[in-house]
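Trainee:
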Amino acid sequence: MRGDWQDLKTTIYLLLVLVVSAITLFTACPKRQEKPSLQQSSAAALEQALKLKQEKRYPQAEEAFTFVIFNFPGSTEAADAQFHLADCYFLSRNYQQAQSEFEFYLSNYPHGRYEEEAAFKLALSTFLAAPGPHQDQTQSRRAQELFLEFLERYPESTFRSKVQEVLSQIDTRLAYNDLEAARLYFKAGEYKSALVYYQYIQQTWPNLTWQYVDRYRLGVCYLETGDTGKAKQVLSELVTDSAPLSVLRPAQRLLNRITSH
1 MRGDWQDLKT TIYLLLVLVV SAITLFTACP KRQEKPSLQQ SSAAALEQAL KLKQEKRYPQ
61 AEEAFTFVIF NFPGSTEAAD AQFHLADCYF LSRNYQQAQS EFEFYLSNYP HGRYEEEAAF
121 KLALSTFLAA PGPHQDQTQS RRAQELFLEF LERYPESTFR SKVQEVLSQI DTRLAYNDLE
181 AARLYFKAGE YKSALVYYQY IQQTWPNLTW QYVDRYRLGV CYLETGDTGK AKQVLSELVT
241 DSAPLSVLRP AQRLLNRITS H
């Protein structure tokens, strides 16, 4: 009986040792990043959020910036947090959410220290969230408006060259979107409507490089709408411009037909 009691005491002692060791080991381990606390100052909470952003831990940073915005309203830190919240969405390529947050920043903090950068990134987010050139380009046109407003408001901005670069991309996208419309009308035999689009493209984007097939189709549109003079001019330029045979042969046939009458 004495031996059993001794064994039990030994077992209890060993269990206590294990429990104490586990507690000691746990408390010695480095703590995880704590969430912001209401006991923190607004500056400390913002600093913690900025550190998360710098580490590219965007979901955690978004949560931390949101904490600053809601718990320290009216403070400079809340204004800065709103910009950085939008920027986190931008950097993580969530452009639609970035748009919304940049708009909120510009509306609610019109003289904030990040106003210029926010205006630029709002326009850029709008462009980057827009669908490709074969789809509706309402959002691309909105981005174009925002960029032009930006240049008017910040003519000496360091973002100016980037803005001009993106405006050129938008122009190209809009031009090719209208080209797609012209091609669809042409294939449907709606030559008058196709011609309207082709002429609009010529006037709006005079430096756009046209494919040979579109130049041929422009000539056909002129011919089918009764303007043989312009049709002859377009087709004549085409046959002397090293066009591929797939375009050159039908262009030459049409030109022969025009000149024979």
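Every letter in the sequence shown is one number past the one before it in the UniProt record's numbering, and letter 73, counting from 1, is 73. Beta carbons are placed, not taken as given, at the ideal position from N, Cα and C, and that holds for glycine.
Report buried or exposed for D241, applying the criterion of at least 16 other Cβ atoms within 10 angstroms of its Cβ.
Mentor: exposed
Trainee: Could you work out which residue in Q96, S75, Q135 and P131 is closest to R113 when comparing CA atoms only?
Mentor: S75
Trainee: If you drop the 5 nearest sequence neighbours on each side, which residues of the same chain put their C-beta closer than 7 angstroms to that of L179?
Mentor: Sequence-distant Cβ neighbours of L179 in its own chain, meaning closer than 7 angstroms and more than five residues away, are I201 and D214.
Trainee: Tell me, to the nearest whole angstrom, how far the beta carbon of F127 is from that of V163; I am working on the premise that it is less than 8 angstroms.
Mentor: About 10 angstroms; that fails the 8 angstroms criterion.
Trainee: Should A194 and C221 be called a contact, given that it needs their Cβ atoms to be closer than 9 angstroms?
Mentor: yes
Trainee: Going by other Cβ atoms of all chains shown within 10 Å of its Cβ, with 16 needed for buried, is Q144 buried or exposed?
Mentor: buried
Trainee: Taking a contact to mean a Cβ-Cβ separation below 9 angstroms, would you say R173 touches Q137 in this structure?
Mentor: yes
Trainee: What does the alpha-carbon distance come out to for the pair H261 and A251?
Mentor: 16 angstroms
Trainee: Put H111 into one of helix, strand or coil per three-state DSSP.
Mentor: In the three-state reduction of the DSSP assignment, H111 falls in the coil class.
Trainee: For L52, which of A44, A45, V68 and A61 has the nearest alpha-carbon?
Mentor: A61
Trainee: Straight-line CA distance for L238 to Y58?
Mentor: 54 angstroms
Trainee: So the alpha helix (DSSP H) T204 belongs to, where does it begin and stop?
Mentor: It spans Y191 to T204 - the alpha helix (DSSP H) in which T204 sits, taken as one unbroken run.
Trainee: Would you call A78 buried or exposed, if buried means 16 or more other Cβ atoms sit within 10 Å of its Cβ?
Mentor: buried
Trainee: Please name the residue in P133, L124 and S42 whose C-alpha comes closest to that of L148.
Mentor: L124
Trainee: With 16 as the cutoff for other CB atoms within 10 Å, does A43 come out buried or exposed?
Mentor: exposed
Trainee: Restricting to Cα atoms, I'd like to know which of A243, Q96, P131 and Q48 is closest to Q211.
Mentor: A243
Trainee: Please report the straight-line C-alpha distance between Q139 and E47, rounded to a whole angstrom.
Mentor: 35 angstroms
Trainee: Grab me the residues of Y109's own chain with a C-beta within less than 7 angstroms of its C-beta, minus the 5 sequence neighbours each way, in chain order.
Mentor: A79 and Q82
Trainee: Just the C-alpha distance for T158 and E115, rounded to the nearest angstrom, thanks.
Mentor: 13 angstroms
Trainee: Which residue marks the beginning of the alpha helix (DSSP H) containing F150, and which one marks its end?
Mentor: T138 to R153
Trainee: Please return the same chain residues whose Cβ sits closer than 8 angstroms to the Cβ of A175, not counting the five positions on each side in sequence.
Mentor: I201, T204, W205 and L208
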